[in-house]
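Residue numbers for the sequence shown follow my numbering, beginning at 8 and rising by one. Positions of the beta carbon are idealized from the N, C-alpha and C atoms, including for glycine.
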Amino acid sequence: MSKKWYVVHSYSGHEAKVKAAIEHRVSTMGLEDQIFAVEIPTEVVINRETGKEEEKKLYPGYLLVRMILNDETWYVIRNTPGVTGFIGSQNNPTALSREEYSNMMGKTKKKVPQAVTNYAVGQTVRIKDGAFTDFDATITDINVDKGTMRVTVTLFGRETPIELEFASVETI
């Protein structure tokens with residue numbers, strides 16, 4: 008039998024606990040020759056507001072386990088606290104192809120700038136700079152990837168759409 012990567016579903020937010028539990032069970036049950044690795048696919052994002060690097064889960068609620076699938080390894084993983092199951096049919100998990108694994112884990116190496124925002128569509132903000140300084144505006148769309156938002160400002164009784172960067176507005 009060959010080593011393959013399998014996707015394990017867990018409770019969202021419990022991935023690290025499940026990973027630790029699987030690793031602990033593997034070592035205490037002497038299964039190091041059948042279960043080889045447990046990964047939580049993450050990416051490093053750069054918070055545009057603080058400039059700090061943060062780790063973000065790519066697939067919340069999922070882990071990757073490299074193992075030789077047999078009844079014993081299936082049972083150990085499936086009965087680890089926090090695990091809700093494998094991806095695939097109930098008793099026959101589907102292994103990832105090399106391409107699928109590479110695509111999933113390839114994203115973990117890149118540092119992706121990402122804006123973290125507390126703004127919401129429909130929220131009223133005040134414009135801090137530019138031609139519309141001190142105008143109140145209503146957010147109609149948010150583009151987190153670009154760090155911009157589309158707002159509407161009322162001018163002469165008409166709503167005018169404007170695109171602004173997050174840094175150009177403040178909450179009221």
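- Taking C-beta separations shorter than 7 angstroms and ignoring five residues to either side along the sequence, the partners of S19 in its chain run P67 and G68, following chain order.
- Membership of I42 in the beta strand (DSSP E) is indicated by the continuous run I42 to E46.
- The Cβ atoms of E172 and R157 do not sit closer than 7 angstroms to each other.
- DSSP, reduced to helix, strand and coil, places N110 within a helical segment of the structure shown.
- In this structure, the straight-line span from the alpha carbon of T145 to that of F139 is close to 13 angstroms.
- Straight through space, the alpha carbons of S104 and E79 are spaced by roughly 22 angstroms.
- The beta carbon of R133 sits closer than 6 angstroms to those of D143, E177 and I179, all from its chain and outside the five residues before and after it, given in chain order.
- Between L38 and the set I75, E61 and I53, the nearest pair of CA atoms involves I75.
- Short of 8 angstroms from the beta carbon of D148, and not among the five residues preceding or following it, lie these beta carbons of its own chain, in chain order: V128, M156 and R157.
- Annotation: the continuous alpha helix (DSSP H) that includes K24 extends over E22 to M36.
- By a beta-carbon distance limit of 8 angstroms, V25 contacts V90. Their separation comes to about 6 angstroms.
- Beta-bridge annotation (DSSP): T167 is paired with V160.
- Going by DSSP, D78 is part of the alpha helix (DSSP H) stretching over D78 to R85.
- Around the Cβ of P100, a 10 Å sphere holds 16 or more other Cβ atoms; the residue is buried.
- Annotated as proximal: K63 and V52, with beta-carbon spacing under 7 angstroms.
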